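Asks: In the UniProt record's numbering, the protein residues as written are 1 to 143.
Note that beta-carbon positions come from the ideal geometry of N, C-alpha and C, so glycine has one too.
Values in this document were obtained by computation on a predicted structure and should not be read as measured data.
#1: Please report how far the alpha carbon of residue 36 lies from the alpha carbon of residue 128, in whole angstroms.
#2: Quick one: Cα of residue 144 to Cα of residue 64, how far?
#3: In angstroms, rounded to a whole number, what distance separates the CA positions of residue 1 and residue 9?
#4: Let's test the definition: count the other Cβ atoms within 10 Å of the Cβ of residue 32 and tell me whether it reaches 16, buried, or not, exposed.
#5: Three-state secondary structure (DSSP) at residue 108?
#6: Quick one: measure Cβ to Cβ for residue 59 and residue 111, integer angstroms, because I've assumed they're closer than 8 angstroms.
#7: Is the Cβ-Cβ distance between residue 107 and residue 56 less than 8 angstroms?
#8: Can you tell me the Cβ-Cβ gap for residue 3 and residue 20, rounded? I've got them flagged as a contact below 8 angstroms.
#9: Provide the residue(s) that pair with residue 45 in DSSP beta bridges, ordered along the chain.
#10: Count the other CB atoms within 10 Å of the CB of residue 41; is the residue buried (16 or more) or exposed (fewer)?
#11: Between 34, 53, 116, 115, which has its C-alpha nearest residue 66's C-alpha?
#12: Using the Cα positions of residue 51 and residue 45, report the straight-line distance between them to the nearest angstrom.
#13: Looking only at C-alpha atoms, which of 11, 116, 49, 29 sits nearest to residue 39?
#14: DSSP state of residue 37, grouped into three classes?
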């Protein structure tokens, strides 16, 4: 499972769409932005980086959403139409704040869970396989 699938599942569970979108952010700025809108949320992420880094960026921004962090006001330098969004954007470029550390922790948990679920196969039809699945639990159930 990748972070796009996690966005889809969280959107469904929260009844509020989350749109992960490639966006050419300034090289000197953050690699990703979370933009909460009036009816949906956008996660903008740098297209000029590796796919693995993009997954981490999305997971990090999801961390802000899941932790209930409040964004900063949108600045003209963000290059985003501020009339479309309620609050603003999180644009930290350092990880020394408690919010950034929280978002990194959640990102790690999301990425580890997604990687673990990639190795999980559907339970077989035998009673033994079903008992093992029941004992181990559903790794995807909390998303």
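Replies: Result, derived from the coordinates:
#1: 46 angstroms
#2: Past the boundaries of the shown model lies residue 144; the chain is included only from 1 to 143, so the question cannot be answered.
#3: 11 angstroms
#4: buried
#5: helix
#6: 5 angstroms
#7: yes
#8: 7 angstroms
#9: 22, 32
#10: buried
#11: 34
#12: 11 angstroms
#13: 11
#14: strand
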